[in-house]
Structure formats: C-alpha cells, structure tokens
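> Dropping a structure here in structure tokens format, bear with me for questions.
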Amino acid sequence: MIRTLLALLPRDRRPLVVRFLVLAIVSVAARAAGVVLLIPLLTALFEGRNSDALGWLGALTAAAVLGWIIDAATSRAAYELGFDTLNSAQHAVAERLSRIRLTWFGTDNVATARQAIAATGPDLVGLVIYLVLPLLTALLLPVAIGLALFPIAWQLGLVALAGVPLLLGALWAGGAISRRADHVADEANALLGERVVEFARTQQALRVSRRVEPERSLAGEALLRQHGATMRLLLLQVPGQIVFGIAGQIALFALAGTTAALTLRGDLTAPAAVALIVVAVRYLEPFTTLGLLSGGLETTRLTMRRIKAVLDGPIAPSGAATRTIDGAPRIEFRGVTFHYDDPEHPVLSDLDLVLEAGSTTAIIGASGSGKSTILGLLAGLFEPVSGRILVDGADVADLDLTSRRALTSVVFQQPHLVAGTVAENVRAGDPEASPERVAAATALARVDELVERIPGGLDARVGEAGSALSGGERQRVSIARALLKPAPILLIDEATSALDNVNERAVVDALSADATARTRVIVAHRRAGIRRADRVIVLDDGRIVESGTPDELLAADGPFARFWRAQDSAAAWRLTDAH
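Written out as structure tokens, the structure reads:
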C-alpha cells in the first residue's frame, strides 16, 4: 500500500515525504516527553518541592507548546502530501485508462476502474491526513514512551518496549482472522453498488419483465450477499478483539507489576508510581487507536490495490512515428489474424483485404463473423495477433497514439454520449471546429431538426449517457460528431440501426454527401447502407467468401444474393389475424 502511495507522488515532491516523516517523529517525541515529564512533576508536588515542581511544569508546558507547533506543521505537510498525491493519482489513472488495451475492460476490471477513479478524489487526501498520520503516530508513540522511561527506570523502559511487538502481534493476529471476511465484504459492497446502478438504469426492461421487485432482481441477490458478508465480518471481528484485549491486559499487568516491584524495593517513590498509572494509560492508548484504524486500513489497502491494478493494466502498443495522412488513404490488411480470449477460435484468420483510396466498402456477414472486429482494428481499438495493417503504405503499428487516433472517425452501433450539451457532444469530434463546420455536420446528420424542437437547442443537455434523447436521436448526434472529425477514414458500424426508414435514408444520404475526402468502411445489415457502396465484402467465420460490387454479387447468386432476397422477404412480413 505504501509503495503504491509513494509511486503516485511526483518525484520532485519526494522530499516532502521526508519532511513529513521528520515532523511526525519530532511530534511523537514531544508527546512522549510530555507524558514522561508527569513523573518528576508529580513527585516534586507530592514531596513539597514547589520550586522543582515549577521547573518541571515549565518543561511540560514547553513540550506541549512544541508539540502543538510541530503538530500544526505536520498536519500542513500531510495536507500538501495528500493534495499532491491526489493530483498525481487522478492524472496517472486517467492517463493509464486512456492507453490500456480494450480487452482488459471486462466486467470485473470495469468495476475496478470505476472504483479506482472514485478513490482518486477527496478520499485519497483523507488517506494521508486521517489514516497515515494517525497510524504513524500510533506506531511510534509507544516506542517513544518506552525509550523515555529508561532514564526513570530502565526496567520500565524494557517492559514497555517488549510490550510493543506483543500488542502489534495481537493486532495483526486479530486482523488476520477477519481479513478475508473484510475482503469478501468489500467485494460484496462494490457489487451491490454496481447492481443498484444497474437496477436503476434497467427499470423499463425489469418492469415489462415483471422483475421490478428488488428481491427478485440481481440487486436483491447482491443485497443478500452483502448482508451475509457484513454479518460474517462482524462475527469474525469478535475473536480479534478478544486476542487484543488479552494482550493489552498482559502489557498492563507487566507495567503495573514492574512498577510495584520497583516501588517496594525503593527504586521508585510512591508519587512516581502514581504518575506511572497515567503513563501506562497513554502507553496503551495508541494501540486502541490502531485497532480502530484497522478497518479503514484494510479498506485502504483494497482501494490502493484497485488503483495499482489500473496502473499495472496492459498498455496498447504504439510506435513512435508521427505521420499525417492527407486525403483519402488506401488501406491494406496483410495476413491479419485476431482473437479475443480464446486463441483456438480466432475471429479473423489470415485476412487479406485491400480498400482503395476514397472508396466506400460495405461489410456484411452473420453475427460473430468479424465485421465489427475489422472496424475495431482499423480504429486502433485492438491490435492484430499477427499480420499488418497498412494505411497509404505505413504500418499503423509504427505510428504513435496521436497519429493513430487521428486516422479514423467512428460511428458505433451503440451511440456513446457524455453528460453535457448536444453541442459539446458534437464538438467532441473536433473541439477546434468553426461554428460553420459544426452547423454543416449537424445538418448532414439531421441534428438540426432535433435541436429545433427541443428546449435549449444545441445547448440542451443530453443527460447521463444521452438518456434525455431517444435511441435514434443519440445516433444522429454521434453521426454528427463523427462527420465533424477531420479524419481520412470513416468507419460506420450499423449507424442506422436505431433509425426509422425515413431517417435511415436521410442519414445514408448525409453520409454520401459528406464532402470530406475519406475512405469509408460500413458494417451493414440493411439495404440502405449497402446500395451506395462501391464494393461489398461478405464475411463468414473470419474469412472473405465474396467480394465485388452489389450488382456483380447479385448476379453471382451466392451468399450476398441470398442475403438480399432475405431482405425482400423481411420487407414483405405482415401481422395477420390468426382467426
């Protein structure tokens, strides 16, 4: 945990860690001195040596004032350290997430990433201020008190130092009993959070499926699991508390017995023995604090583990070459093979494909045939397992991330919008675009019709993930965003899947009317997206089984012709009365 925390801190701020540690140690020393100074002070008071008592009182006051000053400086250093760590962690996590391979983002890792992002907030500042600083103080103060007792009676100092590993061992043993349960409870809490969000977002589907009751949903199952994990954790914390309680009693008896023995031998005065009661209480207090912090410590350990999981996530490889493509490029796949999780079942197998500059190519095929994978490879979302992808003769694997991402503009089958305005979502394609270009892109995608009828127009907020818009409206905004980006390659993955026939034809016309010089690749299942293609490619199990113009493939009466006839049959479907 500490290693991850230090790794998040910028290197030029590492001296701040040293300053923080030095201040914390001096603060603990001042506290220990204040505790032990009670012994000569009380001894002088009980023995009637008032002048000596005033001297010891002055020393105690000086130690207290020094402690307050050092505590203030330590807290300030802790705040600086916390905010520096916060700023660095937010940047590091966000930057890493933008470079991690997309194949890393499975269900578990998405939850890990979300929790890591949430952790790089005020909680990270609180970690340093409210956990690391008290933890450090609680660990050092008993040792400092033990060392300070040596001038009073070396036997007491020895007993106090011997009690430190005993009490820390008891704390560790008690924590070990419940650590696994704590981990399970944390996972259950995280799962419950995910399921509650899912339960809220899927209310439409749940209600029509008559699964709206929480106890009949995955959220209900997660709630039961969380309840069981919490109860188990609470039960397993009891043995740990008993173990620590026994260790605390042993340490207290050892200190009390040593004090009594020294007093009976005459090595300690009665007033000093009374003062040592206060010292013993202050000696044991930090261990109680450690016990209270143990739960937060385990939670923090899991949080830092999530942040580390993101920072250790596999980075998508990239080259170092910088290149700008002017005009529509020629694209070539040479022996490209790609698989997701199972190497035995590749999605694409030794694929050879040439897309001529400025052409529009439609790709069709059954689900799982590799259509969207081709687009993902072109967009740089995935990397081939073997083979090369060339754009105007340049291997995209040699390009740096900026050049690679500038190559393509993508319209995904599922439109992705961010919580903001319509204009902000469109401008995401090119934040520097002029108002005239934004207006042209919105007009091409028929977003202008949308903004005319919704309150706020382009400044209307789309809601979380575009929830304030219909599916077709979200798709049109995403199309406008893609058209605005000045990329030489336009990739369209079922862009009209959420549109009715009228809007579908309008969007197809708009994509055809786009004046930007581009090479276009379209994944389509409907005729409107295929009719205007220069070339159609039919995929089956990751291989090209047909390729040619629409007319050529219709004449060949192969898979494409069967697909076309199936479209005719589907268009003729009607609902009839069974009676």
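404 is the number of the first residue of the sequence shown in our numbering; add one for each residue after it.
Even for Gly, the Cβ is constructed at its ideal location relative to N, Cα and C.
What number of angstroms, rounded off, separates the C-alpha of D944 from the C-alpha of V924?
Within the sequence shown, numbered from 1, the residue matching residue 944 stands at position 541. Within the sequence shown, numbered from 1, the residue matching residue 924 stands at position 521. C-alpha separation (whole angstroms): 19 Å.
> For the pair the segment 431–448 and the segment 669–681, tell me if three or more CB-CB distances fall below 8 Å.
yes
> Just the C-alpha distance for P889 and L754, rounded to the nearest angstrom, thanks.
Residue 889 sits at position 486 when you count from the first residue of the sequence shown. Residue 754 sits at position 351 when you count from the first residue of the sequence shown. Each residue's alpha carbon lies about 28 Å from the other.
> Taking Cβ positions, are F966 and D896 nearer each other than 8 Å?
Mapped onto the sequence shown, residue 966 falls at position 563. Mapped onto the sequence shown, residue 896 falls at position 493. Cβ atoms of F966 and D896: not closer than 8 Å.
> Considering only the beta carbon of each residue, do L550 and G566 sit closer than 8 Å?
Taking the sequence shown and counting its residues from 1, one reaches residue 550 at position 147. Taking the sequence shown and counting its residues from 1, one reaches residue 566 at position 163. Taking 8 Å as the Cβ cut-off, L550 and G566 do not qualify as a contacting pair.
> Tell me, please, which residues DSSP counts as bridged to V794.
Counting from 1 along the sequence shown, the entry for residue 794 is found at position 391. Per the DSSP secondary-structure output, V794 pairs in a beta bridge with I734, A797.
> I'd like to confirm the pairing. Which residues does DSSP put opposite E949 in its beta bridges?
Within the sequence shown, residue 949 is the residue found at index 546, counting from 1. Answer by DSSP bridge pairing, in chain order: V941.
> Work out the CA separation of G461 and L489 for me, nearest whole Å.
On the sequence shown, residue 489 is found 86 positions in, with the first residue counted as 1. On the sequence shown, residue 461 is found 58 positions in, with the first residue counted as 1. Cα to Cα, the separation comes out at about 42 Å.
> Using 8 Å as the threshold, is the segment 452–469 in touch with the segment 495–515, meaning 3 or more CB pairs across them?
no
> Measure the alpha-carbon distance for L751 versus A822 and round it to whole angstroms.
As a working mapping, residue 751 is identified with position 348 in the sequence shown. As a working mapping, residue 822 is identified with position 419 in the sequence shown. So the two alpha carbons sit approximately 35 Å from each other.
> Tell me where the beta strand (DSSP E) around A765 begins and ends.
Position 362 of the sequence shown, counting from 1, holds the residue named residue 765. Its beta strand (DSSP E) spans residues 763–768.
> Which word fits S881, buried or exposed, when buried means at least 16 other C-beta atoms lie within 10 angstroms of its C-beta?
The sequence position of residue 881 within the sequence shown is 478, counting from 1. By the neighbour-count rule (16 or more Cβ atoms within 10 Å), S881 is buried.
> Which stretch, first to last residue, makes up the alpha helix (DSSP H) that contains T464?
As a working mapping, residue 464 is identified with position 61 in the sequence shown. Run containing T464: 453–500, per the alpha helix (DSSP H) assignment.
> Taking 8 Å as the threshold (C-beta atoms), are R879 and V850 in contact?
Here residue 850 corresponds to residue number 447 of the sequence shown, with the count starting at 1. Here residue 879 corresponds to residue number 476 of the sequence shown, with the count starting at 1. Yes, the pair counts as a contact, with Cβ atoms nearer than the cut-off.
> Helix, strand or coil for A724? Go by DSSP, reduced to three states.
Locating residue 724 in the sequence shown gives position 321, where the first residue counts as 1. Three-state DSSP puts A724 in a strand.
> Measuring CA to CA, which of S812, A765, T763, A760 is closest to L781?
Position 378 of the sequence shown holds residue 781. For L781, the nearest C-alpha among the options comes from S812.
> Return the chain-ordered ranges of every alpha helix (DSSP H) run that is complete within the segment 513–553 and spans a minimum of 4 residues.
525–529, 536–552
> Rounded C-beta distance between A724 and L802? I'm assuming under 8 Å.
If you number the sequence shown from 1, residue 724 lands on position 321. If you number the sequence shown from 1, residue 802 lands on position 399. That belief holds up - the Cβ atoms of A724 and L802 are roughly 5 Å apart, short of 8 Å.
> Near A826, what residues of its chain come up, given a Cβ to Cβ distance below 8 Å and the 5 sequence neighbours on each side ignored?
Along the sequence shown, one-based indexing puts residue 826 at 423. Only V841, L861, D862 meet the Cβ criterion.
> Counting Cβ pairs closer than 8 Å, one from the segment 481–499 and one from the segment 525–539, do we hit at least three?
yes
> If we call anything under 8 Å between Cβ atoms a contact, is T764 one with I940?
For the purposes of this step, residue 764 is identified with residue 361 of the sequence shown, where counting begins at 1. For the purposes of this step, residue 940 is identified with residue 537 of the sequence shown, where counting begins at 1. In contact: T764 and I940 (Cβ atoms closer than 8 Å).
> If you follow the alpha helix (DSSP H) that L444 is part of, which residue opens it and which one closes it?
Counted from its first residue, the sequence shown places residue 444 at position 41. First-last of the alpha helix (DSSP H) with L444: 441–449.
> Is L543 closer than 8 Å to L690 when the C-beta atoms are compared?
On the sequence shown, position 287 is the one that residue 690 refers to. On the sequence shown, position 140 is the one that residue 543 refers to. Before going on, a small fix: residue 690 reads as Phe here, not Leu. No. Outside cutoff.
> From I718 to R628, what distance separates their C-alpha atoms?
Locating residue 718 in the sequence shown gives position 315, where the first residue counts as 1. Locating residue 628 in the sequence shown gives position 225, where the first residue counts as 1. Looking at the two C-alpha atoms, the distance is approximately 34 Å.
> Whole-angstrom Cβ separation of L671 and A556, contact assumed at under 8 Å?
Here residue 671 refers to the residue found at position 268 of the sequence shown. Here residue 556 refers to the residue found at position 153 of the sequence shown. Correct: roughly 6 Å between the Cβ atoms.
> Throw me the rounded Cβ distance for the L655 and L687 pair, which I believe falls under 8 Å.
As a first step, residue 655 must be located in the sequence shown, where it is residue number 252. As a first step, residue 687 must be located in the sequence shown, where it is residue number 284. The pair is a contact, with the Cβ atoms about 7 Å apart (cut-off 8 Å).
> Can you say whether Q518 is buried or exposed, counting buried as having 16 or more other CB atoms within 10 angstroms of its CB?
Residue 518 sits at position 115 when you count from the first residue of the sequence shown. Buried, because 16 or more other Cβ atoms sit within 10 Å of the Cβ of Q518.
> Excluding the 5 residues flanking G761 on each side, which residues of the same chain have their C-beta closer than 7 Å to its C-beta?
By 1-based counting over the sequence shown, the position of residue 761 is 358. If we look at G761 and ignore the five residues flanking it on each side, its Cβ neighbours are A731, A920, T922.
> On the three-state DSSP scale, how would you describe S806?
In the sequence shown, the residue the question calls residue 806 occupies position 403. Looking at S806 - three-state DSSP - the assignment turns out to be helix.
> How about A625: is its Cβ closer than 7 Å to a heavy atom in the ligand MG?
Among the components of this structure there are no ligands whatsoever, and the ligand MG is therefore not found.
> Looking only at DSSP bridge pairs, what is R864 linked to?
Here residue 864 corresponds to residue number 461 of the sequence shown, with the count starting at 1. BP columns for R864 point to T824.
> What is the rounded straight-line gap between the Cα of R709 and the Cα of G716?
Residue numbering aside, residue 709 sits at position 306 when the sequence shown is read from its first letter. Residue numbering aside, residue 716 sits at position 313 when the sequence shown is read from its first letter. About 11 Å.
> Can you give me the C-alpha to C-alpha distance between L609 and T633, rounded to a whole angstrom?
By 1-based counting over the sequence shown, the position of residue 609 is 206. By 1-based counting over the sequence shown, the position of residue 633 is 230. Taking the straight line joining both Cα atoms gives about 28 Å.
> Counting along the chain, where does the beta strand (DSSP E) carrying L784 start and finish?
Here residue 784 refers to the residue found at position 381 of the sequence shown. Taken as a continuous stretch (DSSP letters only), L784 belongs to no beta strand (DSSP E), as it is neither H nor E.
> Closest to I653 by CA distance: which of A467, L569, I548 is it?
Locating residue 653 in the sequence shown gives position 250, where the first residue counts as 1. The candidate whose alpha carbon is nearest that of I653 is L569.
> Strictly by DSSP, which residues pair up with F741?
To locate residue 741, count along the sequence shown from 1; it is residue 338. The partner list for F741 (beta bridge, DSSP) reads L751.
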